[in-house]
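Chemist: Protein chains in written order, with our numbering: chain A, 27 to 439; chain B, 373 to 1436.
Ideal placement from N, C-alpha and C gives every residue a C-beta, glycine not left out.
Given the structure is predicted, the values throughout are model-derived calculations rather than measurements.
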Amino acid sequence: MKLNIRTWLISISVVLVGATGCTDLDTYPEGESILQDQKEDIAKASPDRIAADLSGMFAYLGKQYCVFGSGRSRDDDFGYPAVCLSQDMNGPDVFSPDAGYNWFSTCSEYDDRSNTYANPYMRWSIFYTQAKMANDIIKSIPETVTDKTLLAYKGQAYAIRAFDYLSIAPYYQFKYKGNEDKPCVPIVTEDETIDVTNNPRATVRAVYELIMSDLNKAIALLDGYARTSKNEVDQKVAYGLRARANLYMENWLEAANDAEKALEGYEPASRNDVSKPAFNDAKASNWMWAIIISPANVPDAYPSWPAKISSFSGDSYTCAVGMYKVINNLLFNQIPTSDVRKGWWVDASLQSPNLAGVTWTYVDENSATVTLTGNEIPPAIIPDVKVAFLPYTNVKFAQYDYPENATNAGDCV
Amino acid sequence: MKKRFAIFLSCLLFVGIQFAQAQTVRITGTITGSEDGMPLPGVSVVVKGTTIGAASDANGKYDLSGVPADAQTLVVSYLGYVTQEIGIGGRSEINVVMVSDSKQIDEVIVVAYGTSTKSSFTGSAGTVKTEQLQKRQVSNVSNALAGQVAGVQTTSSSGQPGTSATIRIRGIGSINASRDPLYVVDGVPFDGSISSLNPQDIETMTVLKDAAANALYGARGANGVILITTKKGKGKDARIVVDAKWGNSSRAVPNYDVMKDPALYYETFYKALYNGKVYNGSSSADAYAHADTALFNTDAGGLGYKVYTVPVGEKFIGTNFKLNPNATLGYSDGTYYYTPDDWYDELFNSSNLRQEYNVSISGTSDKINYYFSAGYLDEPGIVSGSGLKRYSGRSNVDYQAKKWLKIGANIGYTNYDQKAPTSQNTWGSSGNLFYITNNIAPIYPMYVRNADGSIKKDNRGITVYDFGNSTNFKRAFMALANPAITLKLDKYSRIYDELNSKWYAVFTPIDGLTLTTNIGANVLNRRTNYLYNQFYGGNVGSKGSVYVAHYRQMAITQQYMANYKRTFADIHNFEILAAYESYDLKMQQLDGTNNMLYSPFVGELNNAVGLDPDVNSYTNTYAVQGYLARIQYDYDGKYFASASYRRDASSRFHSDNRWGNFGSMALAWLINKEEFLKPITWVDMLKLKVSYGVQGNDDLGGGYYYYAYADQYEPSNSDGQFAITQVYKGNKDLTWETSHSTNIGVDFELFKSRLTGTVEYFNRKTKDLLYLQPTPNSAGFPGDEKPMNVGALENKGFEIDLNGVIFTNGKIEWSANLNATHYTNEITDLHPDVKENGIKGSSRILEVGGSIYDVYMRKFAGVSETTGKSLYYLDPDNGDYTLTDDYSKAKQARLGGTLPDVYGGFGTQVKAYGFDFSIQFSYQLGGRLYDGSYEALMHNGNAAGRNWHVDIKNAWTPENTKTDVPRLCNLDDSEQKQSSRFLVSSNYLSLNSIVLGYTVPENLVKKINISSLRVYVAGDNLGVLSKRRGLDPRQYFGGGSSTTTGNFSYSAMKTISAGVTLTF
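1. Which complete alpha helix (DSSP H) runs does the segment 347-394 of chain A hold, if anything under 4 residues is left out?
2. Looking at chain A, is there any beta carbon in it that lies within less than 9 Å of the beta carbon of T1256(B)?
3. Under DSSP, the beta strand (DSSP E) around L1267(B) begins and ends at which residues?
4. Tell me whether N329(B) sits in a helix, a strand or coil according to DSSP, three-state version.
5. If we cut at 9 Å on Cβ distances, does D260(A) have a partner in chain B?
6. Can you list, in chain order, the residues of its chain whose CB lies under 6 Å from that of A934(B), leaving out five sequence neighbours each side?
7. Taking only the alpha-carbon atoms, compute the straight-line gap between A394(B) and I424(B) and give it to the nearest angstrom.
8. Verify the CB distance criterion: does L1072(B) have a CB-CB separation below 9 Å to chain A?
9. Is the beta carbon of T155(A) less than 9 Å from the beta carbon of V93(A)?
10. Would you say the segment 1157-1164 of chain B touches the segment 1137-1147 of chain B, given that touching needs at least three Cβ pairs under 8 Å?
11. Based on DSSP bridge pairs, tell me the residues matched to E1109(B).
12. Mark G117(A) as exposed unless 16 or more other C-beta atoms lie within 10 angstroms of its C-beta, in which case mark it buried.
13. Would you please verify whether the beta carbon of E216(A) is less than 9 Å from any beta carbon of chain B?
14. Quick one, which of T142(A), G266(A), W129(A) and M83(A) has its alpha-carbon nearest K1212(B)'s?
15. Determine the DSSP secondary structure at M83(A), reduced to helix, strand or coil.
16. Give the single residue among N1135(B), N1044(B) and M577(B) whose Cα lies nearest to the Cα of V557(B).
17. Name the DSSP bridge partner or partners of G735(B)?
18. Suppose the cutoff is 6 Å on Cβ atoms and the five residues either side in sequence are ignored; what does the same chain contact list for F104(A) look like?
19. Just to confirm my understanding: we take D1252(B), look at its own chain, exclude 5 residues before and 5 after, and list those with CB closer than 6 Å. What are they?
20. Going straight from the alpha carbon of F688(B) to that of F668(B), what length do you get?
21. Among the residues of its own chain, which have a CB less than 7 Å from the CB of P212(A), if the five just before and after it don't count?
22. Give the secondary structure of D63(A) by DSSP, where H, G and I count as helix, E and B as strand, and everything else as coil.
23. Looking only at its chain, what residues have a beta carbon closer than 7 Å to the beta carbon of S1236(B), apart from the 5 residues adjacent to it on each side?
24. Measure the beta-carbon distance from K1378(B) to A1284(B) and round it to whole angstroms, keeping in mind my assumption that it falls under 8 Å.
25. To the nearest angstrom, how far is the alpha carbon of L852(B) from that of S722(B)?
26. Counting contacts by CB-CB distance shorter than 9 Å, is S99(A) in contact with chain C?
27. For the beta strand (DSSP E) containing F1439(B), name the first residue and the last one.
28. If the cut is a Cβ gap below 8 Å, which residues of chain A does S1413(B) touch?
29. Please state whether DSSP places K262(A) in a helix, a strand or coil.
30. Nearest chain A C-beta to E1219(B) closer than 9 Å, yes or no?
31. Starting from the Cα of W1031(B), find the closest Cα among T1107(B), R1339(B), S1113(B) and Y952(B) and give me that residue.
32. Taking the alpha carbon of Y1007(B) as the reference point, which residue from I891(B), I1043(B), S1022(B) and S567(B) has its own alpha carbon closest?
33. Closer than 8 Å by beta-carbon distance: list the chain A residues that pair up with Q1476(B), in chain order.
34. Listing by chain order, which chain B residues have their CB less than 8 Å from the CB of F84(A)?
35. Hey, out of R898(B), T400(B) and T455(B), whose CA is closest to N431(B)'s CA?
36. Could you tell me which uninterrupted beta strand (DSSP E) segments, each at least 3 residues in length, are contained entirely in the segment 434-464 of chain B, listed from first to last along the chain?
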C-alpha cells in the first residue's frame, strides 16, 4: 500500500509538471508577417507606424511579386512598371524578340485578351488591390476628423483610387466620348454594402464620375500639404491626375488648366539631362511623382523593370539573351535628328550619341579586364552577360549604377 | 533465439507425459523449417486424440515412443508456424517440414496510442513489415509503400535521392487543405523529414485507414495516419546483424522516342519551313528559296546550327526534302568544328556506386530491452551533383526500474547531406537536364570544338560547353544555357541533422492501470549552401552568387495517458484510455544571398562582397492540444465494441473557433467463434467490422496559413519610410475541416490460414472544407482569395487485400499477394458563388458532381483531311459540335475525371532449398493524364530547335490525309494548345522489386560462429510499362496541363545491388 501511494504521488506529479508546461495556442508569426492585432499593438507603441499604411499603398506599385506572391515568383510580377511595359508591347512602337525569355510576348501577340492568361490578370488585379488599400484608409478616417495630416492622408487615398480607375477604365471600353453608357469596370469603394461577388460593370460615365469626384476631394484635402517623399501624392499630383482624367474625357480646356497647375514649380529636364541613359532617379527636377524602387526593394534581380527594359543590366535575360526592347524603325526614322529623343535608341548601325560618357568594365574568360566605352558597347558580347544590341535597341532607360550593375533597382515614373 | 526459448517451454510441457504403454510403436523423425531447411528445435509432435507427444531437440529430431498402434494422425505444431496434421500410415519415420505462418506472428498490431490484436481490432489498417521494407532499396521509406497496402495511392514526382513519395489514403480528402497523411513515429507525431529514418530501423509501418483506427489522432488524422514503429530487442541473447550491399543506380524511365537522326530533323524542319510558305499562298519556288535561307537563320525562325558539310555550291537539302547524299556529318567554319552530341548519353550514362551498410545489436534481459543500430548510405543520383549520403544511429532502450515503473527512450540521430540541384523538376527550365534531353533537337553539340574537332578547354582547364551562343552559331532552342556544365560547377548541398527522440515512463500503480508519460522531442537542423559559379551560366554577370540558409525545426509532443484494463466475470473485457496531448512546432529560418564571390569555389556569405545582400529571418509557431478518451469492450473475445472521443484545439484558428470535437464508434463480430461456424473447418477466422467516425484537418499550408484566421501584413522600406501592405486576407470564422468516415469490412483466414485477406467498403465525406474561396479581383484581397469553411467532398470505394500460400510441401513454399482499390472522388458541394458554374481553370474544372481531377480543355476533333489543320469542336458543353480549326474560337469542354478506376499491387515469393525469391509490382488502371511533354514534342515546326517525337513522321500531307497528326507548318501555332488530343491513358504496370537470396546452410556457417549468412541480389524500381515509352504515370495522380505533366522531372531511379547479411 505504501508503494502504491508513492507511485501515485510520482505519477501525479509527473502529469502536473507536464500540464504546467502547457501549450500556448495563441501563436504569432515573428518576421514573416504581422497579424492584425499585432499591428494594432505596434501602432500603440510606435504611433509613427500609422503612416506606414499610406507608404505601403504607394510602395505596392513597385513591389516584387505584388500580384501572385513570392510563392509563384513570376518574373513579370513587378507591379506598375510591368503594366506599362505590357501596354507598350500592345502597341506598334515597341517590340522585342522572343527566344523563350520574353515575358511579355503575350502582349505582343494580343494573347492578353484571353482571361486565362496571367498578364491581363495582373494588370487588372494590381489596381483593385491598391484601390482596396485606398478604401481602407478612407474608411479609417471618418468625416469628423479634423487633423490636417490625417485629412491629407485621406486626400491621397482618394487620389490613388482615382489613379487606379484611370489606369483600368480605358482598357475595358472604348473612349469616354460617345460610349458613356456602355459597361466599363465594376466600382468598389469604401462603401461596405457593395457585394463584390455580385457587382456588375458600371457604366463609363459612372466610373468617370467617381474618378472626378475623388480627385476633386483630393485636391481640396491636399491643399497646403507638403509631402515627405516623391512617392506621395500632393495637390499638384492630384491636379496632374485630374488633367489626365479630363484628357480622357476630352475636356481639353480643363485638362490644360489642370496640367498647368500640376506643372507649377517644376523644371523640365534639360537636353543634357536626357542625352544619356537616365530615367531612373526620382530626384530629377522634372519628376513629379514616382514609385521609389531602392536596391532593398529588389531582392530578386529578374522581376524588375530594369531587368526587362534596360539594355545595361549586368544580370538580366534582356541583355544576356538579347530580349532588348526595340523601337519600330518606321517611328525611329520619323524622329528628326535635331530631336534629342533620337539618341534614346541606337541606330541601324548600333550607334547612339547618348553613349558617349558610358563605360562598361568586365573580366573576360582569360581573366583580363576589358573596358568598353561609348559606341563600343552595343556590338560587344560579354559571355553570359550581354549579347550585341539589336538595331534600334533602346538606351533610354538605365537602372541605378548602370551599366553592369546586377541589382536592377531604379525608380519609375 | 526464439527456437531456444521454445525448447525450454516444450521441456516444461512434455516432461513427464512420456509413459510407456503396451501395444505401442515408436515414431521418429526430423523437423526442419521451410525457409532455410534448418532443423527446428522445440516443435511439438502430438498423437491426435491423445496426450502422447514429444518435442524436437536441438537437432530437430523427435522421438515418440508409446504411440498406440492404431494411431492415425500426428499433430505437429510450433508457435509461428502452420500447424500440420500428418497421416501416420504405418510409418516409423516421419520427417516434417514446417511452414512459417507470418499471420500468427503478426497477431499484435500497432494502433493509435497502443497496440491491439488482429482479431480484436475493430478498425481498418494495413501493415508493411520489416521483411517487405528490406526488399526495397529506398532511401526514403515512404517510397516503399507503393503497391503494398490496399487503399494507399502513391506518386513519386521526383527520383532525386531522399525525396518523399506523395501518399493518398482512400482518395483525395480536400480541395485546398492538406491531403497528406499524418506520420507518427513510435507514437509521436512526426514533422521531420522521412529521409532521416533509416528503413532498416523500422519494424513496421502501419497505415490506419478508417475512423475507428485513427480518430484518436483527431486533430490531424483526417487523411489517414502512418504509424512507423522502430525495432526493439527480441530474445535473451544479443543478436548482431550486419548487412552490406553494393549496387548501381541508373535512370529507370527513358526519354520519349524522340528523333535521334540529325538528317531527319533537318529534313523535317525544312519541310515545315517550306510548308509555312506554300500553305500560305507562296509558290513552290519561293517556298524552297525561303526554306534554304531560313534554315540556319534563327532570326528567321531557323535552327542556327549547320552540322553537315556539303560540297561547295550544292544544296543542303534537295527539293525532294532529303539531305544532300554527298553531305557528311561534321562541319568546320575555320574557327569551330560542329558535330551533334548525344545529350542523353553524355548526361545520364555515367556509372556510379551505391553503397549501404547497416549494423544492429539487439536483445533483452530481465529488465532491459535494447536495440542499437548504425547505418551508412551513399546513394549517388543520376545527374551530376545530386545524391544522398546518410549516417544514422539509433538507440531504443527501456528499463524496468521498479516493478511499477518502466522508463525508456528511443533516440535516433541522423546526419545526411542531400545534394539536390534545383530546377530538375521545373518545366521549361534551361537548368533541367530531364527537360532538355527530351526537348533539344539532335543537331546541337553539347561541347565547343576547336576547328580540328577536339573539344575545347578554357585556360582554367574547364571543358567548354556550348551555351548556344559560344560559337559562331546561335542555337534556336534554349539560348544561353548549358546545364551540363553549370550542374558540374554549381554546388547544391543541404546538410541535415535530425534528432528524433521519445522519452517515456510507464507507471503501473495497481494491476490493470498504466499511467504513461511520453515526451517527444524532434529537432531538425538544415544548413543549405548553394554556390552558383561565376565561370559559365547565368551568374557570370553577378560574378558568382551564393545562397546560404539555416532552418531549425523543433517539435515537442507531450502525452499523459491513463489506461485501465479489466475483465469482469471472465467474459466482459474492458479497456479505458484517457489522455492529454499537446504538440508545439517551432520553425525558424535564416537565409541570405549575395553575389561577387572572391573565391569562386566557396559558397559562404563572407566570401560574397556584393553591395546588396538579401538577408531574411523569421519564426513561425504552430500548436495543437487535445483531450482524448477511448473505451473498448469485448464480450468473450467474440463481440467487440469501441468508442473514442477527442477534443482538439489548433493555433491556426481564432480562439473563438479553435476547438473541434472528433470521435468514432466501431463494432466487430468474430464470427468464427460462434458455434454455428465451428463445423465449417476451412474457416479459421472470419470477422465482420463496422465503424463510423469524425476526424479533423486544420492544415491549409505553411507561412501565412499558420495564422489562417488573421489579416496579415508585411513591412517594407519605401524611400526610407516604413511601409506596410496587406499580404493575406484572414477569416476569423475559420474552423476545422471535418471528415466523416464509414468503414464496413470483412477479415478472413481460410484453409488453415493459407488464404488470408480483407475486403472493405469505405465512404469518407469531407465537410466544411478548408477552402480558399476565389474572390473577385475587384475585391482587392491579397492573392484574390479568402479562406473559409465551405463545400464538401466524398471519396468512396472498395479495397481488397489477399495473401495466399499457393503451394507448400515443406521444402518449397510459394506464396502470393494482391491488393486492389477502387474509389470515386466527387465534389458534393461548393460555395454558392461557384456552385452553379463550377470553378474553371485553363485546364481543369471543379464543380459539384465532378472530381478534383476533372479536365476542362478544348475537345480535339481530329485533323482536317483537306487542310491538315487540327480541328476542335466549337462548344460541346452547349451541344455545339461544329468543327473549327481556330483554336481560340473553340470553347473549353468538360472532359471528365482522370483518376484511375483501380490501383494496387501484387507480388509473389518462393522459398526453396535455402533460396528465396520475390517479385513485387504495382499498377493502376483506367485513369488519364495530360501528356504535356508529348504535346511540346509534336509541335508543327513553330518551335525551332525543339526535338520531335518520331510520331511526327505521320503528319498530315496531301498524300497522307487520314491521320491524327496535323500538318507540318512552321506558321501554325501549336505552343501550349491544350486539348483532349494529348489526354492519354495513365495505366501502368511497375516492377518495383526483384530479390533473389540464398541462405547458406547453418551447419556450414556454424563452424565460423555465424548463426546465419544470406547473400542476395536485389533490383529496385526496374521499369514501368505505360501508354508511351518515357511517360511515367507514377509521377502524377491524373489530369495536368502543358506545363505541369509529362516527362520533365527527375526520373525514377533503377537500382541493382548485391549484398550480404550476416547474423551472429
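Modeler: In this structure, then:
1. 355-360
2. no
3. A1265 to G1269
4. Residue 329(B) falls outside the range modelled here, since chain B spans only 373 to 1436, and no answer is possible.
5. no
6. The beta carbon of A934(B) sits closer than 6 Å to those of L887 and A950, all from its chain and outside the five residues before and after it, given in chain order.
7. Because A394(B) carries a pLDDT of 49, less than 50, the predicted location of this residue cannot be relied on, and no value is offered for it.
8. Look at L1072(B): its C-beta is not under 9 Å from any C-beta on chain A.
9. yes
10. yes
11. N1069(B)
12. exposed
13. no
14. If we check each option's Cα against that of K1212(B), T142(A) comes out closest.
15. helix
16. With distances taken between Cα atoms, V557(B) lies closest to M577(B).
17. Y742(B)
18. Q90, P329 and S330
19. If the five residues before and after D1252(B) are omitted, its C-beta is found closer than 6 Å to the C-beta atoms of L1246, all from its own chain and listed in chain order.
20. 11 Å
21. N225, P226, R227 and A228
22. helix
23. L1243 and D1257
24. Not confirmed; about 22 Å, so no contact.
25. So the two alpha carbons sit approximately 25 Å from each other.
26. The structure shown contains no chain C; its protein chains are A and B.
27. The first residue shown for chain B is 373 and the last is 1436, placing residue 1439(B) beyond what the model contains.
28. None at all; the shortest Cβ gap to chain A is about 11 Å.
29. helix
30. Cβ-Cβ to chain A under 9 Å: no for E1219(B).
31. T1107(B)
32. Taking each of I891(B), I1043(B), S1022(B) and S567(B) in turn and checking the Cα distance to Y1007(B), the smallest one comes out for I1043(B).
33. The question about residue 1476(B) has no answer here: the residues shown for chain B are numbered 373 through 1436.
34. F84(A) reaches chain B at S1090 and A1095, counting residues in chain order whose Cβ is nearer than 8 Å.
35. T400(B)
36. 445-449 and 456-459
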